[in-house]
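Following: one structure in structure tokens, then a few remarks.
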Amino acid sequence: MNNTMSLTQTPKKLRQRLKGERRFRIMALVSLAIPSSFLFFLLTYIMYHAWPAFFHTYISLETTTTDIAPLAGNDGAGPDYRVMIRQLLEKNLAINPTSSERRELMKLLSPHAADELRDLPPPIGQPSSFFIDVRTSSLVDDYQTSGPKDSKLSDNQRQWVEQLEQQQQIKTSLDKLFWSKGDSREPEEAGILGSITGTFLTMIITLLLSLPFGAAAALYLEEFANKNFLSRFIEININNLAAIPSIIFGLLGIVVFLGFFDLPRSSPLVGGMVLSLMTLPVIIIATRAALRSVPDSVRQAALAVGASPAQVVWHHVFPLALPGVLTGTILGMARALGETAPLMMVGMIAFVVDIPAKFTDPATVLPAQIYMWSDLQETAFVEKTYAAIFVLLLFLVLMNLVAIIIRQRVEKKW
Amino acid sequence: MLFFLMLVLLAVAFYYWGSQKASLIQRKTGSVLAARPAYYGFYSAVWAGSIGLLCLMASSIFLPYFTYHQTIAEIPERVFRDTNLTPQDFYSLLQSSLTSSFSQISPIVPQDIWDEFQHLLQKWQEIEHYAYIMILLIGTMIGGWWSKHYIRTDFRARPAVERLVKILLAACASIAIAITIGIVLSLFMEAWRFFDRVPLGEFLFGTEWSPQTAIRADQTGSSGSFGVIPVILGTALITVIAITIAAPLGLMSAIYMAEYLSPRQRSITKPVLELLAGIPTVVYGYFAAIVLAPLIRQLGESLNLDVAAESALAAGLVMGMMIIPFVASLSDDALKAVPNSLRDGSYALGATKSETVCRVLVPAALPGIIGGILLAVSRAVGETMIVVMAAGLAANLSINPLQSVTTVTVQITTLLTGDQEFNSSKTLAAFALGLLLFMITLSLNIISLWILSRYRQKYE
Chain A
1 MNNTMSLTQT PKKLRQRLKG ERRFRIMALV SLAIPSSFLF FLLTYIMYHA
51 WPAFFHTYIS LETTTTDIAP LAGNDGAGPD YRVMIRQLLE KNLAINPTSS
101 ERRELMKLLS PHAADELRDL PPPIGQPSSF FIDVRTSSLV DDYQTSGPKD
151 SKLSDNQRQW VEQLEQQQQI KTSLDKLFWS KGDSREPEEA GILGSITGTF
201 LTMIITLLLS LPFGAAAALY LEEFANKNFL SRFIEININN LAAIPSIIFG
251 LLGIVVFLGF FDLPRSSPLV GGMVLSLMTL PVIIIATRAA LRSVPDSVRQ
301 AALAVGASPA QVVWHHVFPL ALPGVLTGTI LGMARALGET APLMMVGMIA
351 FVVDIPAKFT DPATVLPAQI YMWSDLQETA FVEKTYAAIF VLLLFLVLMN
401 LVAIIIRQRV EKKW
Chain B
1001 MLFFLMLVLL AVAFYYWGSQ KASLIQRKTG SVLAARPAYY GFYSAVWAGS
1051 IGLLCLMASS IFLPYFTYHQ TIAEIPERVF RDTNLTPQDF YSLLQSSLTS
1101 SFSQISPIVP QDIWDEFQHL LQKWQEIEHY AYIMILLIGT MIGGWWSKHY
1151 IRTDFRARPA VERLVKILLA ACASIAIAIT IGIVLSLFME AWRFFDRVPL
1201 GEFLFGTEWS PQTAIRADQT GSSGSFGVIP VILGTALITV IAITIAAPLG
1251 LMSAIYMAEY LSPRQRSITK PVLELLAGIP TVVYGYFAAI VLAPLIRQLG
1301 ESLNLDVAAE SALAAGLVMG MMIIPFVASL SDDALKAVPN SLRDGSYALG
1351 ATKSETVCRV LVPAALPGII GGILLAVSRA VGETMIVVMA AGLAANLSIN
1401 PLQSVTTVTV QITTLLTGDQ EFNSSKTLAA FALGLLLFMI TLSLNIISLW
1451 ILSRYRQKYE
């Protein structure tokens, strides 16, 4: 009451000013809300679209032991699992298809389905009638997840799927292939294990190169260097390197690592080397900040009891700064993890089916995999793109969480 | 890799050898060493390691020649005549036949020739391998053995070791210089070769960019045109859109966080905003291409506007969102650096918060804010993935944000990904663009860092 009284009594000019203050405050709040809500929207959107890719549709076929007793193959080389699985499907649907219908029927199943049947353990000790889960093709999977609207199933195929559904033989379970396969042209067989392995190998190289050299450079600049021309020049260089566009490092990689040293293209070795050039300034800057936060009293106390400058650093200052160095390293690695452009330059954006095993094998990384899948139009690939983004963000969140925990639990506040 | 592992293992062995020897001397003679045994051990290890490394490096220069001559000597002369190759070319093709998985190395030479001589190369390569190991072993032994002259009671091992460590650290720090030199040199060298073919004036002032050269030399229109103006204009357009979004939003967010939020609230809000900067740009690019661009297109169509599928607006908007945190956190720093006396003085005169911010704090922090915005500009200019995925490929000379434009980074990636030979004008053009990009961002960085450091001094 009192408040409104005073407001009505305030002169017009002051009322305008207070109104302006309120307006300014709301404007500022809105401009903070825009990026935050954008972030929120982006993350929910990705999660919503990524979800279906983690699951796949399977048909559980009723089988008897005699059904999968080895059939003689066409050339006598062993059982023909494709024929076997088709006959199972026909029996379950209780149909007797023509040869063109047979082809349609087989399109319901993943090309991988016959292999699954082959890898099945021999049905010893099973009851005479049991169920086996058979992987469907992406046609059926898309139909199950996004409905009949833009399905590419033919009328026959749709009828069969509906029949199986009525018999409760269609089921959705976690997609194992997504986690255990490399890239593929077939949407239902493309997985991210290859790119995760590639990312992992690349990150190992980046860490091995950038952490020791970065920490050593920071130690020199912060603890040993005299303030002379050389150290100032190095500092300017580091600050500039931290702000150079990442694609430039890729160009350096082409000329020096691929051209001059003739290292294998597309390999995690070269990718890691290029990324370590980018991570190096980040680690140097973080390490210097950590070293600077160690109070001088520690150094003076150590010097006072007779330690040499090197011993002061090695026995006291560096161990105290270590948590800060680690958080800086993790954050630098997190940045490197999401980097795509420089790796594109050195050829790590490639269609790689095999899972890389060595540092010199051709490989691709998770962001590059996202980029490659983003060009493909099939629904299954769109889902997989979102899923790969989700996995990438998950890694980033985990790394950031570890950094935050180290910062809060281990790092000392002086 | 194996050799370096061996080198490290041998150095560690000599570390133990040296420290054992030092403590043995101490026990035998009864006199006190000038440093603890570990320092002598370290000194031995450094001797062993550095001599071993030197030997390894020296042998890596001359051993390949040895292998080459031994292998070529065992191949009959007629093979070179039959295949019409010089011994050097034959040797390098033979090498690649060992490593590459392609069945056909050279279309002229039948596969069985390679199969016939591969075992020769393999034999000599194996001998080369053992030679490396022998040389490494002998070098390390000599180095380590030599270090025993320093293991005596009057040698002050600690200062010597510390001096070495300091040199090693300085060498690590100099890597930053080496990287910069490497970037400048490699860009300049490749760009130089490009300017041999395309004159600098045409590159800088030409208004047409179509690097699509013909595959065969006799095809018509085989030389593309390399005028960089439309590419620069496209980059500028997208950057301007991004900055128009990011500068006001970033600055206002910083003001709200610095002046209106309690420290506790700020400690939650700031990391959220910084998360935006931590999201990989490929994610933004995908979002811009898949969600935002079609949305803008639909919106434009409903307003009867002609919107390109890959409009500059979509890429610019998303890029603006990405660089908000940069502007916000640097403006935040700048606002916090303004002394409290200015703030208090303004309040004492009866100014409201917004008046204090607009008339006192922002003018006082302006250099810092401008420096921050310039850094954000340089980040936007060099940003790659968003524009690669959301902006176009065709170089249109246009400043219409609804049209499709291309940027420097998009052109670099399209020129360098895909299969083409390394010496065409097309690939070299990418390096010229890279040099241009490097120059632009470098000058932006230097100016902004200079402004920021000047500004920091002002209030210290």
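Going line by line, the protein sequences match chains A and B.
Take the first sequence: its position 40, counted from the start at 1, is 40 in the working numbering, and no numbers get skipped.
Take the second sequence: its position 134, counted from the start at 1, is 1134 in the working numbering, and no numbers get skipped.
By construction, the Cβ of each residue, glycine as well, lies at the ideal position given by its N, Cα and C atoms.
Buried or exposed by the 16-neighbour rule on C-beta atoms within 10 Å, applied to residue i
{"i": "A:T287", "result": "buried"}
{"i": "A:M278", "result": "buried"}
{"i": "A:P35", "result": "buried"}
{"i": "A:D183", "result": "buried"}
{"i": "A:S129", "result": "exposed"}
{"i": "A:M345", "result": "buried"}
{"i": "A:Y220", "result": "buried"}
{"i": "B:W1192", "result": "exposed"}
{"i": "B:L1168", "result": "exposed"}
{"i": "B:L1056", "result": "buried"}
{"i": "B:I1181", "result": "exposed"}
{"i": "A:P52", "result": "buried"}
{"i": "A:P245", "result": "buried"}
{"i": "A:N226", "result": "exposed"}
{"i": "A:D262", "result": "exposed"}
{"i": "B:I1451", "result": "buried"}
{"i": "B:F1188", "result": "exposed"}
C-beta neighbour in chain A for residue i, strict 8 Å
{"i": "B:A1348", "result": "no"}
{"i": "B:P1211", "result": "no"}
{"i": "B:R1158", "result": "yes"}
{"i": "B:A1242", "result": "no"}
{"i": "B:G1206", "result": "no"}
{"i": "B:I1177", "result": "yes"}
{"i": "B:Y1286", "result": "yes"}
{"i": "B:T1180", "result": "yes"}
{"i": "B:E1162", "result": "yes"}
{"i": "B:Y1260", "result": "yes"}
{"i": "B:A981", "result": "Shown here, chain B extends from 1001 to 1460; a query on residue 981 of chain B therefore has no answer."}
{"i": "B:T1417", "result": "yes"}
Presumed contact (8 Å Cβ cut-off) between residue i and residue j, rounded CB distance
{"i": "A:V255", "j": "B:E1190", "result": "6 Å"}
{"i": "B:L1375", "j": "B:F1326", "result": "6 Å"}
{"i": "B:A1157", "j": "B:Y1015", "result": "Not confirmed; about 12 Å, so no contact."}
{"i": "A:S267", "j": "A:T136", "result": "Their Cβ separation, rounded to whole angstroms, is 36 Å, which puts A:S267 and A:T136 out of contact at 8 Å."}
{"i": "A:R17", "j": "B:T1352", "result": "6 Å"}
{"i": "B:L1433", "j": "B:Q1411", "result": "6 Å"}
Distance CB(residue i)-CB(residue j) smaller than 8 Å
{"i": "A:T57", "j": "A:Q167", "result": "no"}
{"i": "B:T1281", "j": "B:S1378", "result": "no"}
{"i": "B:G1206", "j": "B:V1228", "result": "yes"}
{"i": "B:M1319", "j": "A:A341", "result": "no"}
{"i": "A:L207", "j": "A:M273", "result": "no"}
{"i": "B:T1086", "j": "B:W1124", "result": "no"}
{"i": "A:I205", "j": "A:A242", "result": "no"}
{"i": "B:A1390", "j": "B:A1308", "result": "no"}
{"i": "A:L61", "j": "A:R86", "result": "no"}
{"i": "A:A363", "j": "A:V352", "result": "yes"}
{"i": "A:A50", "j": "A:I389", "result": "yes"}
{"i": "B:L1033", "j": "B:T1153", "result": "yes"}
{"i": "A:V397", "j": "A:S195", "result": "no"}
{"i": "B:T1409", "j": "A:I370", "result": "no"}
Within-8 Å CB hit, residue i to chain B
{"i": "A:T385", "result": "yes"}
{"i": "A:F38", "result": "yes"}
{"i": "A:V95", "result": "Residue identity check: residue 95 of chain A is Ile in the sequence provided, not Val. No, because no Cβ of chain B sits closer than 8 Å to the Cβ of A:I95."}
- [ ] Output, in sequence order along the chain, the residues in the region 1431-1451 of chain B whose CB is closer than 7 Å to any CB in chain A.
- [x] F1431, G1434, L1437, F1438, T1441, L1442, N1445 and L1449
Task: Chain-ordered residues of the region 1297-1318 of chain B with a beta carbon less than 8 Å from chain A - done: none
Open item on the list: Beta carbons nearer than 8 Å to chain A: which residues of the region 1184-1198 of chain B have them?
Closed with: S1186, L1187, M1189 and E1190
Open item on the list: Residues of the region 334-354 of chain A in Cβ contact with chain B at a cutoff of 9 Å, in chain order, please.
Closed with: A334, R335, L337, G338, E339, T340, A341, P342, M344, M345, G347 and I349
- [ ] Give the residues from the region 282-312 of chain A that approach chain B closer than 9 Å (Cβ to any Cβ), ordered along the chain.
- [x] I284, S308, P309, A310 and Q311
Open item on the list: Which residues of the region 1339-1368 of chain B have a Cβ closer than 8 Å to any Cβ of chain A? Give them in chain order.
Closed with: T1352, K1353, S1354, E1355, V1357 and C1358
TODO: Output, in sequence order along the chain, the residues in the region 212-234 of chain A whose CB is closer than 9 Å to any CB in chain B.
DONE: P212, F213, G214, A215, A216, A217, A218, L219, Y220, L221, E223, F224, A225, L230, S231, F233 and I234
TODO: Could you run through the region 18-29 of chain A and flag, in chain order, every residue whose CB is less than 9 Å away from some CB of chain B?
DONE: L18, G20, E21, R22, R23, F24, R25, M27, A28 and L29
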